[in-house]
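Undergrad: According to the working numbering, the sequence shown is numbered sequentially starting from 2. Built from N, CA and C at the ideal position, the CB exists for glycine as well. Nothing here was measured: the structure is a model prediction, and the numbers come from that model. Sharing a structure with you now.
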Amino acid sequence: MEIKQAILERKSVRGYLDKPVPKEIIEDILKQGQRAVSANNTQPWEFAVITGDILKKVGEENVAAFVAGEEEDYGDATFEGVYRQRLVGVAKQLFAAMDIAREDKEKRFWWMQRGFKFFDAPCAVIMYMDEKLDEAACRFDMGCAAQNICLAAMEHGLGTCVENQAIMYQKALKKYLGLEGKRFVVGIAIGYEDPEFAANEVRSEREELENITKWYGFED
Ligand SMILES: Cc1cc2nc3c(=O)[nH]c(=O)nc-3n(C[C@H](O)[C@H](O)[C@H](O)COP(=O)(O)O)c2cc1C
2 MEIKQAILER KSVRGYLDKP VPKEIIEDIL KQGQRAVSAN NTQPWEFAVI
52 TGDILKKVGE ENVAAFVAGE EEDYGDATFE GVYRQRLVGV AKQLFAAMDI
102 AREDKEKRFW WMQRGFKFFD APCAVIMYMD EKLDEAACRF DMGCAAQNIC
152 LAAMEHGLGT CVENQAIMYQ KALKKYLGLE GKRFVVGIAI GYEDPEFAAN
202 EVRSEREELE NITKWYGFED
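Pasting the structure below:
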């Protein structure tokens, strides 16, 4: 797959086929993840790859924590202005695709739950780093590795969704993975895209380049 095609066609996949992903494929994807840039080649990233029963249990316990209204271990930041507009914009696109009405609290609640169980993907990668590392300094590098992973997965015909929801409740992750002394940074659901799942058709919008770019030293 051409790099440009992969970059332009990557999207968050939130519905997956019930089809396992071979370990060797994930290995290949993570090796490409590791080739990302990192400040001074510090490579802060580490990966926990979860599938099968453990993934199911973590997902179920995450959902239970969400349904019980437990306090989150990792909260999403709040955004205002144009950033909030964009956030609301993609949410509206997803709800429209899934035919979820604004006032349909029950269906919205169901939709939220899906993220906590990795959208029923057959595999999830939890990205983490040593807790002694400065999170602000290393998050950039982690993000670069995450993007590599999402693009490399496409070469294997796999879809992905980077998700904070994967690490919002960490009790189950800690229970099943251990990983004391490590800081969870983000999760990535990975699997074969369900072509029938309506939300997968959403193409999120992007700002016009001219609104976010200033050019210096170029001719008019
Ligand atoms: C750090 C990060 C956290 C995210 N967390 C979630 C999440 O918890 N749930 C979710 O459905 N999508 C999540 N996403 C996916 C974004 O919503 C998605 O990337 C954005 O809407 C743009 O859509 P696209 O990926 O299809 O281009 C996350 C993405 C990033 C980069």
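Comparing the CB of residue 39 with every heavy atom of ligand 1, is any distance shorter than 7 Å?
TA: no
Undergrad: Could you check if residue 71 belongs to the surroundings of ligand 1, using beta carbon to heavy atom distance under 7 Å?
TA: Answer for residue 71: no, Cβ out of range of ligand 1.
Undergrad: For residue 173, does the count of other Cβ atoms within 10 angstroms reach 16, so buried, or fall short, so exposed?
TA: buried
Undergrad: Whole angstroms are fine: how far does the CA of residue 65 sit from the CA of residue 214?
TA: Counting only the Cα atoms, residue 65 lies some 44 Å from residue 214.
Undergrad: By the DSSP assignment, the beta strand (DSSP E) with residue 218 in it spans what residues?
TA: Element bounds for residue 218: n/a, residue is neither H nor E.
Undergrad: As a quick exercise: from 153, 100, 87, pick the residue whose alpha carbon is nearest that of residue 202.
TA: 100
Undergrad: Does DSSP put residue 126 in a helix, in a strand, or in coil?
TA: strand
Undergrad: Suppose you measure from the CA of residue 16 to the CA of residue 195; what does that come to, to the nearest Å?
TA: 5 Å
Undergrad: How about residue 45 and residue 143: are their beta carbons less than 8 Å apart?
TA: yes
Undergrad: Since residue 67 contacts residue 33 with CB under 8 Å, what's their CB separation in whole angstroms?
TA: About 32 Å separates the two Cβ atoms, so there is no contact after all.
Undergrad: Alpha carbons only, please: which of 192, 180, 176 is nearest the one belonging to residue 21?
TA: 192
Undergrad: Name, in chain order, the residues that DSSP records as bridge partners for residue 161.
TA: Beta-bridge pairing links residue 161 to 13, 191.
Undergrad: Using a 10 Å radius around the Cβ and a threshold of 16 neighbouring Cβ atoms, would you call residue 110 buried or exposed?
TA: exposed
Undergrad: Just tell me which of 95, 182, 146, 126 has its CA closest to the CA of residue 132.
TA: 182
Undergrad: Given a threshold of 16 other Cβ atoms within 10 Å of its Cβ, counted over all protein chains shown, does residue 43 qualify as buried or as exposed?
TA: Looking at its Cβ environment, which holds fewer than 16 other Cβ atoms inside 10 Å, residue 43 is exposed.
Undergrad: Can we count residue 116 as close to ligand 1, meaning its CB is less than 7 Å from some heavy atom?
TA: Yes, ligand 1 has a heavy atom inside 7 Å of this Cβ.
Undergrad: Can at least three beta-carbon pairs, one atom from the segment 159 to 167 and one from the segment 115 to 132, be found at a separation below 8 Å?
TA: yes
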